[in-house]
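Remarks on the structure that follows.
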Amino acid sequence: MGLFLLGIPLIAVLLFLIIKENKIQHAISVVTSILLILIAVYLTREVMLFGIVEYSSFGGFFYIDSLSIIVLDIVLVIGFVASVYSIQYMNHEIMHEKIKPKGLRTYYILLYSFIFTMVLALSVKNMGIMWIAIEATTLSSAFLVGFYNNKQSLEAAWKYIIVCSVGIAIALLGITLLHLSSIGVLESRQFLSWTALFDNAGSLKSSIVRLAFIFILIGFGTKAGLAPMHTWLPDAHSQAPSPISALLSGVLLNSAMYGIIRAVAIVNRNLGSSVFTGRLLMGLGILSILTAAVFILTQKDYKRLLAYSSIEHMGIIAVAIGIFSPLSVFGALFHMINHSLTKSMLFLSSGNILQKYNTKQISKITGLLKVLPVSGLAFLIGLFAITGTPPFSIFSSELSIIVSIFQANHLFLGIVVVILLAIVFAGFAVTLFKIFYRKTDEDIPEPGEANIPGTFCIIALLIVITVTGIFMPEGVKNLLNQAQSIITGGLA
Amino acid sequence: MRSLVYISVQLSVILLVAPLVNGIIGKVKALSQKRKGAPFLQMYFDILKLLKKNSVVSDTSSWVFKAAPYIFFSSATAAALLVPVSTTIMLQGLPGDAIMLISVFALGRFFMMAAALDTGSTFGGMGSSREAMISSLIEPSILVSIFTIGLICKSTSLPKIMIAMMGFGFPLANSVFILTFFALLIIIIAETSRIPVDDPSTHLELTMVHEAMLLEYSGRHLALMEYGAAVKQLVFITLLVNVLIPTDQLISIAGVGAVAISLVFYLIKVIFISLLIAVIEVNTVKYRVFSIPNLAALAFILAFIGFLQYFVFGGIYV
Amino acid sequence: MSDFSNTLSTLILLSAVLLMACKRTKSYIKSFRLQSFLIALAAGVMGTGNMLKDGQFELIVVCLITIILKVILIPNILIKTEAKVEHKVEKDFILNIPILVIICCVLIVFIYASISNIEGLNEGSVNLQMVNSISIILIGLLFMISRKKAIGQIIGFLVIENGLFVTAMFVTNGMPFVVDMGILIDLLTAVIIMGVMVFKINDKFDSINIDKLRNLKG
Chain A
12 MGLFLLGIPL IAVLLFLIIK ENKIQHAISV VTSILLILIA VYLTREVMLF GIVEYSSFGG
72 FFYIDSLSII VLDIVLVIGF VASVYSIQYM NHEIMHEKIK PKGLRTYYIL LYSFIFTMVL
132 ALSVKNMGIM WIAIEATTLS SAFLVGFYNN KQSLEAAWKY IIVCSVGIAI ALLGITLLHL
192 SSIGVLESRQ FLSWTALFDN AGSLKSSIVR LAFIFILIGF GTKAGLAPMH TWLPDAHSQA
252 PSPISALLSG VLLNSAMYGI IRAVAIVNRN LGSSVFTGRL LMGLGILSIL TAAVFILTQK
312 DYKRLLAYSS IEHMGIIAVA IGIFSPLSVF GALFHMINHS LTKSMLFLSS GNILQKYNTK
372 QISKITGLLK VLPVSGLAFL IGLFAITGTP PFSIFSSELS IIVSIFQANH LFLGIVVVIL
432 LAIVFAGFAV TLFKIFYRKT DEDIPEPGEA NIPGTFCIIA LLIVITVTGI FMPEGVKNLL
492 NQAQSIITGG LA
Chain B
263 MRSLVYISVQ LSVILLVAPL VNGIIGKVKA LSQKRKGAPF LQMYFDILKL LKKNSVVSDT
323 SSWVFKAAPY IFFSSATAAA LLVPVSTTIM LQGLPGDAIM LISVFALGRF FMMAAALDTG
383 STFGGMGSSR EAMISSLIEP SILVSIFTIG LICKSTSLPK IMIAMMGFGF PLANSVFILT
443 FFALLIIIIA ETSRIPVDDP STHLELTMVH EAMLLEYSGR HLALMEYGAA VKQLVFITLL
503 VNVLIPTDQL ISIAGVGAVA ISLVFYLIKV IFISLLIAVI EVNTVKYRVF SIPNLAALAF
563 ILAFIGFLQY FVFGGIYV
Chain C
10 MSDFSNTLST LILLSAVLLM ACKRTKSYIK SFRLQSFLIA LAAGVMGTGN MLKDGQFELI
70 VVCLITIILK VILIPNILIK TEAKVEHKVE KDFILNIPIL VIICCVLIVF IYASISNIEG
130 LNEGSVNLQM VNSISIILIG LLFMISRKKA IGQIIGFLVI ENGLFVTAMF VTNGMPFVVD
190 MGILIDLLTA VIIMGVMVFK INDKFDSINI DKLRNLKG
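Protein chains in written order, with my numbering: chain A, 12 to 503; chain B, 263 to 580; chain C, 10 to 227.
Printed below as a string of structure tokens:
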């Protein structure tokens with residue numbers, strides 16, 4: 012049954028190749044994403060009951076445990092939201108001649124290949140296949156980033172494909188070294204299997220494992236947007252169409268971080284302590300937050316602003332994984348969920364703003380609440396939410412992470428993180444003032460929401476992030492705890 | 263007494279075979295262009311012809327101009343005595359090793375450059391400056407290659423190197439020696455003024471290096487310079503061939519027979535390398551002068567990687 | 010046998026350096042072809058060795074597919090892309106070629122110094138293979154950043170992937186078969202996508218000089 016998770020996107024892609032009617036394509040897309048969510052629900056229930064879902068067909072490559080299911084659920088929920096939003100968004104673009112009508116077919120084919128590769132990356136236990144899937148996500152999203160075919164998006168797409176491919180190649184070197192360290196220890200059919208590596212982690216050769224980790228961190232860190240490898244991120248996320256930006260920011264960064272987390276689990280188990288990985292992760296994390304803070308203060312383009320905020324949040328997650336205490340890992344996983352939902356909501360509402368105002372410059376957005384009452388309000392609330400204002404969910408996860416930093420006696424680090432988060436908030440506050448407290452010009456676009464289904468999605472996401480900020484359902488908490496114990500594997 | 267005989271045999275072999283190499287290269291180039299070309303022995307006839315002619319010397323030149331051909335030729339011949347043509351007629355007790363070889367060539371080259379400047383013509387100055395640039399870029403590669411081989415064979419004296427290499431069986435199967443082979447090949451092309459570094463048959467100002475330095479010479483001076491260049495070329499080829507493709511272990515006879523057979527092998531190897539150089543000449547074009555550093559850098563890194571491999575492998579080559 | 014694989018790995022390193030010394034786009038593609046051919050040869054040699062020993066013929070299949078993909082298909086795609094786009098010779102460099110070649114030397118020494126300090130990687134043959142392979146990866150990276158034409162960047166990426174393949178092959182006797190196949194298919198797709206993108210960039214920007222792609226800042 013879980014294998015349908017992989018089969019359905021493929022069937023969707025095939026259908027898109029055959030069917031050329033735009034309306035039917037929209038329908039297929041929504042139906043596919045609903046089916047995927049149903050399967051996700053089913054798998055989540057299985058994981059909550061049994062802990063692991065593993066099928067032995069095709070050589071036993073399908074494997075989902077609680078860590079995978081968390082990230083997988085995020086992928087599929089945001090995939091659903093993005094596909095619902097895309098309907099009106101794409102129709103609007105075709106109407107205003109920004110893309111050709113045939114472009115919709117390309118869009119959907121690439122979108123569902125993208126979702127397929129991400130799902131594949133999250134549901135295998137062979138690290139080699141995971142690597143191949145993550146490289147494939149770069150390839151399938153390259154043309155999505157460059158979808159508008161103008162100078163800026165081509166530049167963004169080129170940077171994206173080159174930087175991410177090189178980064179991923181470095182990660183492959185790390186995986187090869189990991190393989191090398193396990194040569195005497197594992198038998199041939201278990202090579203590169205995460206479960207086998209994790210179970211036998213104690214007997215791998217430490218020196219090679221350390222070297223492997225550095226390469227994997229740099230490689231997957233490029234894909235996850237950690238500084239100083241983040242240079243592709245602002246361009247790619249701001250030039251892509253808005254639903255794609257939501258997917259890239261909310262989902263792809265998580266998948267790359269998932270790869271890092273899998274590697275960290277093995278390495279920490281092998282070395283017996285988290286000092287080595289911790290230092291590297293905390294260093295990169297702080298650097299990311301710092302870079303993001305600096306660039307957020309002087310940002311003029313609101314989509315780039317959101318992209319830099321993604322870098323900041325990935326930095327926070329990296330720091331949390333670096334600390335590696337049960338509370339911090341729990342906070343990191345919770346933060347992944349919250350960041351994805353909040354950021355997608357922000358990108359979708361920014362898509363509505365872009366379609367109304369036709370500009371990405373902050374200085375040209377005036378009278379937002381009059382023109383787009385719902386999306387504008389959602390955008391405003393979202394900007395508060397993303398910087399960690401209570402009662403939204405990001406506040407709770409950031410709080411747990413900061414508490415765990417201080418609990419682990421990293422006082423200086425904790426103070427630096429808090430100061431940097433304050434600077435980020437200041438940067439966002441400046442943007443907020445610019446958008447919402449300026450005198451309205453006379454020539455504002457005509458008021459009214461254009462994308463009704465999309466707006467409903469935005470409201471739904473908004474409700475979710477408010478609710479999870481206050482109250483966490485028991486099942487979710489259990490799942491997060493399970494995942495956290497898998498990762499830390501008993502190391503405190 | 264014996265050694266004197268052997269030395270004279272070595273010297274005469276090199277002096278006699280040197281112009282033949284030029285002949286082979288010229289013939290192959292001509293055949294590739296579907297011409298009949300000059301006969302193999304053409305250079306002998308050229309040298310004899312030049313020796314009979316008058317030598318015209320400019321009034322504005324000094325003793326350097328007149329002395330340079332003799333110094334150049336003697337340095338080339340001295341170098342010929344340092345590189346063994348075959349170990350069965352090896353030189354015992356001649357003071358000099360590979361580093362002496364390079365210095366001797368440097369002496370000859372210096373005088374050639376100085377003499378070209380001496381005449382005061384612009385062609386000479388241009389040729390000297392280009393020759394200085396090329397040779398200074400190629401020197402590091404020669405040194406690194408020779409040091410690598412010397413480190414592996416634990417001596418820089420060429421006969422001892424040859425004997426040590428014979429103990430390796432077929433050295434060209436080893437990565438270090440393949441790299442050194444290619445580095446030495448590029449060095450030969452640069453030092454003996456072959457395409458792609460320099461075109462020996464051109465008389466265009468843009469492309470002259472060696473020719474520019476010889477432009478003012480005539481008669482017996484020119485004969486000596488050309489002959490010296492041919493001897494230098496053969497000495498380099500001998501260095502490459504005898505060090506990296508040693509065949510002396512195939513000889514199991516002793517005495518004069520051994521000498522004769524080893525000379526035959528030597529000739530075959532020399533002919534093979536001349537064919538290789540000719541094929542390279544036919545298939546490439548002359549590089550721009552400012553692209554020659556690229557070639558030199560390539561030769562350097564070839565030699566350097568070979569050197570590094572020796573370190574990585576360490577004592578395997580004992 | 011191991012001597013032969015040592016020689017081959019040195020020759021592969023050599024072809025990477027040869028690539029660095031080239032100025033013309035066609036030479037880039039030719040050197041890449043030479044390098045892929047040598048790698049396929051090494052894979053074939055190791056594969057026959059494996060087959061005679063264990064009866065596993067995975068490496069031979071990989072060798073054949075490498076020849077088809079990297080020696081024939083991918084260079085042809087690149088030649089076609091390069092024919093439609095203007096430039097043939099790179100004229101301005103940030104650093105000129107001899108300095109780049111010297112930097113390659115420095116890189117190789119640096120890798121040797123670093124790897125010798127890691128136990129598990131510094132005995133004899135493994136050491137040489139690791140040094141050579143990781144040097145190829147770094148030389149590919151250096152090539153990528155030193156060339157201003159987009160085709161140079163694609164070739165740099167391909168050399169990096171070649172280096173990874175060589176590392177996996179020599180040091181761990183090849184990655185598992187499925188992984189190897191997946192990597193090769195990924196590579197082919199990547200080259201096709203990058204080729205199409207170069208074409209589009211040439212269309213919009215009228216040149217494939219990376220310097221022109223600097224509009225998005227901040």
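Every residue gets a Cβ at the ideal spot worked out from N, C-alpha and C, and that includes glycine. Since the structure is predicted, the reported quantities are computational estimates derived from the model, not experimental observations.
Query raised in the report: For Ile163(C), which residues of its own chain have a beta-carbon under 6 Å away from its beta-carbon, when the five flanking residues on both sides are left out?
Result: Taken in chain order, the residues that qualify are Met203.
Query - Phe439(A) at chain C interface by Cβ criterion, 8 Å - result: Not an interface residue.
Query raised in the report: Which residues in the same chain have their Cβ closer than 8 Å to the Cβ of Ile463(A), if we skip the five residues on either side of it in sequence?
Result: Taking C-beta separations shorter than 8 Å and ignoring five residues to either side along the sequence, the partners of Ile463(A) in its chain run Gln99, following chain order.
Query raised in the report: How should Arg42(C) be labelled, buried or exposed, when 16 other C-beta atoms within 10 angstroms of its C-beta is the threshold for buried?
Result: Counting Cβ neighbours within 10 Å, Arg42(C) comes out buried, since at least 16 surround it.
Requested in this report: Would you check if the distance between the CB atom of Phe341(A) and the CB atom of Gln493(A) is smaller than 8 Å?
Outcome: Judged by beta-carbon spacing, Gln493(A) lies beyond the 8 Å limit of Phe341(A), meaning their Cβ atoms are not closer than that value.
Report task. Quickly, what does DSSP pair Glu65(A) with across the bridge? List them, please. Result -> Beta-bridge analysis with DSSP links Glu65(A) to Tyr74(A).
Query raised in the report: Going along chain C in order, which residues have a C-beta closer than 7 Å to the C-beta of Leu405(B)?
Result: Per Cβ cutoff of 7 Å: no residues; Leu405(B) is ~14 Å from chain C at best.
Requested in this report: Tell me whether the beta-carbon of Ala93(A) lies closer than 8 Å to the beta-carbon of Ala257(A).
Outcome: In this structure, the beta-carbon distance from Ala93(A) to Ala257(A) falls below 8 Å.
Report task. Taking only beta carbons into account, state which residues of the segment 201-225 of chain C come closer than 7 Å to chain A, listed in chain order. Result -> Sequence-ordered contacts of the segment 201-225 of chain C with chain A read Ile202, Met203, Met206, Lys209, Ile210, Lys213, Phe214, Leu222, Asn224 and Leu225 [C-beta pairs closer than 7 Å].
Query raised in the report: In three-state terms, what does DSSP make of Arg221(A)?
Result: Here DSSP, grouped into helix, strand and coil, assigns Arg221(A) to helix.
Query raised in the report: Nearest CA to the CA of Ile120(A): which residue from Leu188(A), Tyr96(A), Tyr159(A) and His37(A)?
Result: It is His37(A).
Report task. Tell me where the alpha helix (DSSP H) around Asn349(A) begins and ends. Result -> Per DSSP, the continuous alpha helix (DSSP H) segment holding Asn349(A) begins and ends at Pro337 to Tyr368.
Report task. Answer with buried or exposed for Gly577(B), where buried requires no fewer than 16 other C-beta atoms within 10 angstroms of its C-beta. Result -> Because the pLDDT of Gly577(B) is 47, which lies under 50, any placement of that residue in the model is unreliable, and the question is left without a value.
**Report entry** Local conformation of Lys158(C) per DSSP, three classes
**Finding:** Lys158(C) falls in the strand class under three-state DSSP.
Requested in this report: Might you give, ordered along the chain, the residues of its own chain that have their beta carbon closer than 8 Å to the beta carbon of Phe573(B), omitting 5 neighbours on each side?
Outcome: Around Phe573(B): no qualifying Cβ.
**Report entry** Cβ of Leu150(C) within 8 Å of any chain B Cβ
**Finding:** The C-beta of Leu150(C) comes no closer than 8 Å to any C-beta of chain B.
Query raised in the report: By the criterion of Cβ-Cβ separation under 7 Å, what are the contact partners of His190(A) in chain C?
Result: In chain order: Thr181 and Met184.
Query - CA-to-CA distance, Ile19(A) to Val42(A), given in whole angstroms - result: Each residue's Cα considered, the two are about 10 Å apart.
**Report entry** Exposure of Asn316(B), with buried meaning 16 or more beta-carbon neighbours within 10 Å
**Finding:** Exposed: under 16 other Cβ atoms inside 10 Å.
Query raised in the report: Whole-angstrom Cβ separation of Met268(A) and Ile194(A), contact assumed at under 8 Å?
Result: Contact doesn't hold; Cβ gap of about 28 Å is too wide.
**Report entry** Length of the line joining the Cα atoms of Asn556(B) and Ala30(C)
**Finding:** Near 6 Å, if we compare the C-alpha coordinates of Ala30(C) and Asn556(B).
Query raised in the report: Can Ala304(A) and Leu431(A) be called in contact, C-beta distance under 8 Å?
Result: Between Ala304(A) and Leu431(A), the C-beta gap is smaller than 8 Å, which places the two residues in contact.
Report task. May I ask you to verify whether the segment 146-158 of chain C touches the segment 91-111 of chain C, counting CB pairs closer than 8 Å and requiring at least 3? Result -> Counting Cβ pairs under 8 Å, three or more are found: they touch.
Report task. Indicate whether Gly139(A) and Val188(C) have their beta-carbon atoms separated by less than 8 Å. Result -> Yes, these two residues count as a Cβ contact at 8 Å.
Report task. With DSSP collapsed to three states, give me the class of Val98(C). Result -> Reduced to three states, the DSSP call for Val98(C) is strand.
Query - Contacts of Asn15(C) in chain B (Cβ-Cβ under 9 Å) - result: Within chain B, the residues near Asn15(C) are Asn436, Ser437, Gln571 and Phe575.
**Report entry** Within 8 Å of chain B by C-beta, residues of the segment 112-145 of chain C in sequence order
**Finding:** Hits within the stretch, in order: Cys113, Cys114, Ile117, Val118, Tyr121, Gly133, Asn136, Leu137 and Val140.
Query raised in the report: In chain order, what residues of the same chain have a beta carbon less than 8 Å from the beta carbon of Leu17(C), not counting five sequence neighbours either side?
Result: The residues Leu47, Leu50, Ala51 and Val54, in chain order, have a CB closer than 8 Å to that of Leu17(C) in the same chain once the five nearest residues on each side in sequence are set aside.
Query - Proximal chain B residues relative to Ile106(C), where beta-carbon distance stays under 7 Å - result: Under a criterion of Cβ atoms nearer than 7 Å, the residues of chain B adjacent to Ile106(C) are, in order, Asn556 and Ala559.
**Report entry** Reduced DSSP secondary structure (H/G/I, E/B, other) of Arg449(A)
**Finding:** Residue state, collapsed to three classes: coil.
Query raised in the report: If you drop the 5 nearest sequence neighbours on each side, which residues of the same chain put their C-beta closer than 6 Å to that of Ala438(A)?
Result: The question names Ala, yet the displayed sequence has Gly at residue 438(A). These residues qualify, in order along the chain: Ile307 and Leu308.
Query raised in the report: Hey, quick one: how far does the alpha helix (DSSP H) through Gly288(B) stretch, first residue to last?
Result: For Gly288(B), the enclosing alpha helix (DSSP H) begins and ends at Arg264 to Ser294.
**Report entry** Same chain, Cβ closer than 6 Å to Asp215(C), neighbours up to 5 away in sequence not counted
**Finding:** In its chain, beyond the 5 residues on either side, no residue has a beta carbon closer than 6 Å to the beta carbon of Asp215(C).
Query - Close beta carbons around Ala503(A), own chain, < 6 Å, minus the five adjacent residues each side - result: With a pLDDT of 45 at Ala503(A), under the threshold of 50, the modelled position of this residue cannot be trusted, and the question is left open.
**Report entry** Residue nearest to Lys314(B) in terms of C-alpha spacing, selected from Ala426(B), Ala520(B) and His483(B)
**Finding:** Nearest C-alpha to Lys314(B): His483(B).
Report task. Within its chain, find whatever has a CB closer than 6 Å to the CB of Met153(C); leave out the 5 residues flanking it on each side and keep chain order. Result -> So the qualifying residues of the chain are Gln162 and Gly165.
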